[in-house]
Ligand SMILES: *[C@@H]1O[C@H](CO)[C@@H](O)[C@H](O)[C@H]1NC(C)=O
Ligand SMILES: *[C@@H]1O[C@H](CO)[C@@H](O)[C@H](O)[C@H]1NC(C)=O
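Numbering (full-length UniProt numbering), first residue to last: 1 to 411.
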């Protein structure tokens, strides 16, 4: 068995290498998109898509303390006479603010928030295609650009985005809704910058990736684990960015899964290989548009950090190994984050079939929080990919989130 596992790991590593060099080798999008006549919507941006459905949207750019330039979107339903306190929605690993639009105006969370008259803001973390710019560093040539994990997103990205939203709106506080990585980074911000808790009324964690001890997805574990194991080699090969928009895997799936007909079943199958399958949950049209920006890219180091979180089962900073930890942290052990700082009214939403952020992890986190409510989605097959993509969101998730924000979101 060990040799088979090693083989799988080496294979995944080779595939990840391929991703990096693919775009220059294969002019896939230019050849394939016109042949398949991909609908325009699949290539347009956040503002174009939402305007088409009659919504008002804006695009902003936030600069973090350490120089990353992050795109921030704002969405509003113009029929609203008043707007409730701003809400900030943050995406998960390998996703972007565009991801939330894929399930369309009936089911997509942004539209549900906008129609309930929230002033909704949607951010992007460093390293995806909407956070791939820097005031000084060039992501294509400066490897320093990619020297980050989700530790840095919690420490720098979220404070910068929150300050920006509060400055633009003139509000004192906002409500924070974070999916997966968007939840874990929020817990990091609370621990590292406790003063920011005063700027948040309430927190909603949708499958929040805070601890990942019980992650069941073997594909995800092996992929992250392989990058962690061969981290040094990836650097030697000049690989710092993985699974980005424009890579072979993204262009290929975009072309294949965007096609009309029954092919979407195959593309859903690919997702259930990583997570679980919830019949009838993700609509064919959602599948056709989601791969236009999935995967959205991140750093190898970020995956290494996720691998550490799964291996260690703890909530602590990036582990560089004893000697380097001593230099970076002044201790051989990477410091632990303190969950007691996540003390605002919180709603943790989880599902029984989530193989990426397991219900057991979310339950353990819930027990450590002071003012937390655990909400288990009433669908046995609810999994990680259902959060942004499911057509059941309006019935199964949004009402609980809205209730929580109505009760706690104005304090
Ligand atoms: C905005 O909200 C109103 C009232 O809830 C709703 O009728 C309308 O469909 C929504 N969407 C747009 C684009 O106005
Ligand atoms: C080093 O880390 C360990 C484990 O978190 C902790 O118990 C210890 O107090 C730390 N030492 C110093 C000097 O901070």
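Note that the Cβ used here is the ideal one computed from N, Cα and C, for glycine as well.
To the nearest angstrom, report how far apart residue i and residue j are at their CA atoms.
{"i": "residue 175", "j": "residue 349", "result": "15 Å"}
{"i": "residue 226", "j": "residue 217", "result": "14 Å"}
{"i": "residue 114", "j": "residue 77", "result": "5 Å"}
{"i": "residue 206", "j": "residue 323", "result": "36 Å"}
{"i": "residue 357", "j": "residue 220", "result": "11 Å"}
{"i": "residue 371", "j": "residue 400", "result": "16 Å"}
{"i": "residue 314", "j": "residue 262", "result": "42 Å"}
{"i": "residue 83", "j": "residue 158", "result": "22 Å"}
{"i": "residue 75", "j": "residue 366", "result": "30 Å"}
{"i": "residue 391", "j": "residue 111", "result": "13 Å"}
{"i": "residue 345", "j": "residue 325", "result": "34 Å"}
{"i": "residue 188", "j": "residue 198", "result": "15 Å"}
{"i": "residue 102", "j": "residue 389", "result": "7 Å"}
{"i": "residue 394", "j": "residue 340", "result": "32 Å"}
{"i": "residue 397", "j": "residue 196", "result": "27 Å"}
{"i": "residue 79", "j": "residue 404", "result": "23 Å"}
{"i": "residue 64", "j": "residue 334", "result": "24 Å"}
{"i": "residue 305", "j": "residue 318", "result": "6 Å"}
{"i": "residue 409", "j": "residue 150", "result": "26 Å"}
{"i": "residue 125", "j": "residue 152", "result": "10 Å"}
{"i": "residue 255", "j": "residue 241", "result": "22 Å"}
{"i": "residue 30", "j": "residue 184", "result": "Unreliable placement is indicated for residue 30, whose pLDDT of 49 sits below 50; no coordinate value is reported for it."}
{"i": "residue 232", "j": "residue 171", "result": "46 Å"}
Return the chain-ordered list of same chain residues with a C-beta closer than 6 Å to the C-beta of residue i, the five sequence neighbours on each side being excluded.
{"i": "residue 192", "result": "155"}
{"i": "residue 244", "result": "297"}
{"i": "residue 411", "result": "201"}
{"i": "residue 132", "result": "139"}
{"i": "residue 386", "result": "278 and 281"}
{"i": "residue 137", "result": "144 and 145"}
{"i": "residue 272", "result": "none"}
{"i": "residue 23", "result": "Note that residue 23 has pLDDT 41, beneath the 50 cutoff, so the model's placement of it is unreliable and no number is given."}
{"i": "residue 283", "result": "391"}
{"i": "residue 28", "result": "Residue placement at residue 28 cannot be trusted, given a pLDDT of 47 that sits under 50; what the coordinates show is reported in the next sentence. The residues are 251."}
{"i": "residue 327", "result": "none"}
{"i": "residue 312", "result": "none"}
{"i": "residue 373", "result": "347"}
{"i": "residue 203", "result": "176, 344 and 346"}
{"i": "residue 98", "result": "46 and 293"}
Where do the ends of the alpha helix (DSSP H) carrying residue i lie?
{"i": "residue 327", "result": "322 to 329"}
{"i": "residue 182", "result": "181 to 192"}
{"i": "residue 304", "result": "300 to 312"}
{"i": "residue 405", "result": "398 to 408"}
{"i": "residue 349", "result": "Run containing residue 349: none in the alpha helix (DSSP H); it sits in the beta strand (DSSP E), 346 to 350."}
{"i": "residue 160", "result": "158 to 169"}
{"i": "residue 366", "result": "359 to 368"}
{"i": "residue 290", "result": "284 to 290"}
{"i": "residue 136", "result": "Note, residue 136: premise wrong, no alpha helix (DSSP H); not H, not E."}
{"i": "residue 233", "result": "231 to 236"}
{"i": "residue 273", "result": "264 to 274"}
{"i": "residue 255", "result": "248 to 257"}
{"i": "residue 112", "result": "109 to 115"}
Looking at the unbroken beta strand (DSSP E) that takes in residue i, where does it start and where does it end?
{"i": "residue 205", "result": "200 to 206"}
{"i": "residue 386", "result": "Residue 386 -> not in any beta strand (DSSP E); alpha helix (DSSP H) instead, spanning 386 to 389."}
{"i": "residue 119", "result": "118 to 122"}
{"i": "residue 340", "result": "Residue 340 -> no beta strand (DSSP E), and no H or E assigned at all."}
{"i": "residue 59", "result": "56 to 63"}
{"i": "residue 373", "result": "372 to 376"}
{"i": "residue 73", "result": "68 to 76"}
{"i": "residue 88", "result": "84 to 90"}
Using a Cβ-Cβ cutoff of less than 8 Å, which residues in the same chain neighbour residue i once the five nearest sequence positions on both sides are dropped?
{"i": "residue 253", "result": "267, 270, 291 and 294"}
{"i": "residue 129", "result": "96, 244, 245, 246, 293, 296 and 297"}
{"i": "residue 47", "result": "57, 58, 59 and 73"}
{"i": "residue 407", "result": "345"}
{"i": "residue 94", "result": "128, 243, 294, 295, 296, 297 and 298"}
{"i": "residue 100", "result": "89, 91, 108, 109, 110, 122 and 388"}
Near residue i, which residues of its chain fall below 7 Å by C-beta distance, leaving aside the five closest residues on each side in sequence?
{"i": "residue 134", "result": "67, 68, 69 and 145"}
{"i": "residue 364", "result": "211"}
{"i": "residue 169", "result": "86 and 119"}
{"i": "residue 62", "result": "70, 72, 160, 161 and 164"}
{"i": "residue 53", "result": "105"}
{"i": "residue 182", "result": "90, 91 and 92"}
{"i": "residue 173", "result": "85, 199, 200 and 201"}
{"i": "residue 402", "result": "116"}
{"i": "residue 51", "result": "57"}
{"i": "residue 274", "result": "217, 219 and 220"}
Kindly give me the distance between the Cβ atoms of residue i and residue j, rounded to whole angstroms, as I take these residues to be in contact under 8 Å.
{"i": "residue 383", "j": "residue 285", "result": "That pair is no contact at about 20 Å."}
{"i": "residue 316", "j": "residue 303", "result": "Their Cβ separation, rounded to whole angstroms, is 17 Å, which puts residue 316 and residue 303 out of contact at 8 Å."}
{"i": "residue 308", "j": "residue 228", "result": "7 Å"}
{"i": "residue 361", "j": "residue 214", "result": "5 Å"}
{"i": "residue 236", "j": "residue 300", "result": "Not quite, the Cβ-Cβ distance comes to about 12 Å (not below 8 Å), so this is no contact."}
Should the region 338 to 358 be called in touch with the region 370 to 385, which here means at least 3 C-beta pairs below 8 Å? Touching, yes.
Is it true that the region 171 to 185 meets the region 76 to 89, where meeting means three or more beta-carbon pairs spaced less than 8 Å apart? Contact holds: three or more Cβ-Cβ distances are below 8 Å.
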